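Numbering (this note's numbering), first residue to last: 4 to 171. Positions of the beta carbon are idealized from the N, C-alpha and C atoms, including for glycine. Every value quoted in this text rests on a predicted model; they were computed, and no experiment measured them. Working notes for the structure below.
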Ligand code: FES
Ligand code: FES
């Protein structure tokens with residue numbers, strides 16, 4: 004927490020998170036993941052490895068999925084961030100979330116926020132993907148529970164629902 008780092012220089016990061024400007028004064032060596040989880044209490048993105056390997060911390064920055072554990076918080080200045088807290092609309096799950104739930108695309112759920120934001124961002128840019136293309140798109144996200152097949156099935160179904168107009 005910021006109070007634990009009394010005496011360190013601080014920096015104000017002007018970031019827009021899930022469509023809302025959220026200026027944050029924090030310490031410059033904090034990661035983007037720490038800024039979201041600890042400064043903004045957005046705990047959807049998870050810290051798995053902390054070394055850029057698992058994708059549990061994935062957030063979308065200016066339309067690209069990135070590992071929040073590898074990005075320093077000041078690098079979010081002036082950027083737009085999407086986290087899993089921002090994908091539902093009007094109290095309804097996003098088609099990606101809904102299909103993941105319906106088709107068994109999650110078990111423990113620790114990896115799920117990372118998969119969801121990766122997939123939402125990818126499917127918005129690639130509305131009619133093949134199974135192989137989906138597998139490549141989620142290659143940076145690891146899951147220890149599902150075996151991936153159900154996640155891929157869910158994302159193919161979500162793509163279909165998005166083409167039919169859901170999630171807008
Ligand atoms: S926690 Fe960031 S990639 Fe694993
Ligand atoms: S559902 Fe447990 S790690 Fe993916």
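Whose C-alpha, out of 111, 80 and 122, is nearest the C-alpha of residue 100?
The residue with the shortest Cα to Cα distance from residue 100 is 122.
For a test of the three-state rule: what should DSSP assign to residue 14, helix, strand or coil?
Strand at residue 14.
Report the rounded CA-to-CA distance for residue 73 versus residue 17, giving the unit in angstroms.
Rounded to the nearest angstrom, the two C-alpha atoms are 19 Å apart.
By how many angstroms is the C-alpha of residue 57 removed from the C-alpha of residue 167?
Cα to Cα, the separation comes out at about 32 Å.
Residue 64 bridges to which residues according to DSSP?
According to DSSP, which records beta bridges pairwise, residue 64 is partnered with 67 and 84.
With a threshold of 6 Å on Cβ separation, who are the neighbours of residue 11 within its own chain once the five nearest residues in sequence on each side are excluded?
Cβ within range, chain order: 30.
By how many angstroms is the C-alpha of residue 37 removed from the C-alpha of residue 160?
The straight-line gap from Cα to Cα measures roughly 33 Å.
In or out: residue 144 buried (at least 16 other Cβ within 10 Å) or exposed?
Buried, by the Cβ-count rule.
Could you say which of 43, 44 and 60 lies nearest to residue 51 if we only look at CA atoms?
Nearest C-alpha to residue 51: 60.
Assuming residue 86 contacts residue 55 under a Cβ cut-off of 8 Å, what Cβ separation, rounded to an integer in Å, is found between them?
No, residue 86 and residue 55 are not in contact; Cβ-Cβ is about 18 Å, not under 8 Å.
Thinking just about the alpha-carbon of each residue, which of 81, 119, 82 and 40 is nearest to the one in residue 155?
Comparing Cα positions, the closest option is 119.
On the DSSP letters alone, give me the boundaries of the beta strand (DSSP E) that residue 149 sits inside.
First-last for residue 149: undefined, no H or E at that position.
Taking 7 Å as the cut-off, is the C-beta of residue 58 nearer than that to any heavy atom in ligand 1?
Result yes, Cβ under 7 Å from ligand 1.
So, with DSSP's three-state summary, where would you put residue 45?
Coil at residue 45, not helix or strand.
Using the C-alpha atoms, what's the distance from residue 78 back to residue 147?
The straight-line gap from Cα to Cα measures roughly 30 Å.
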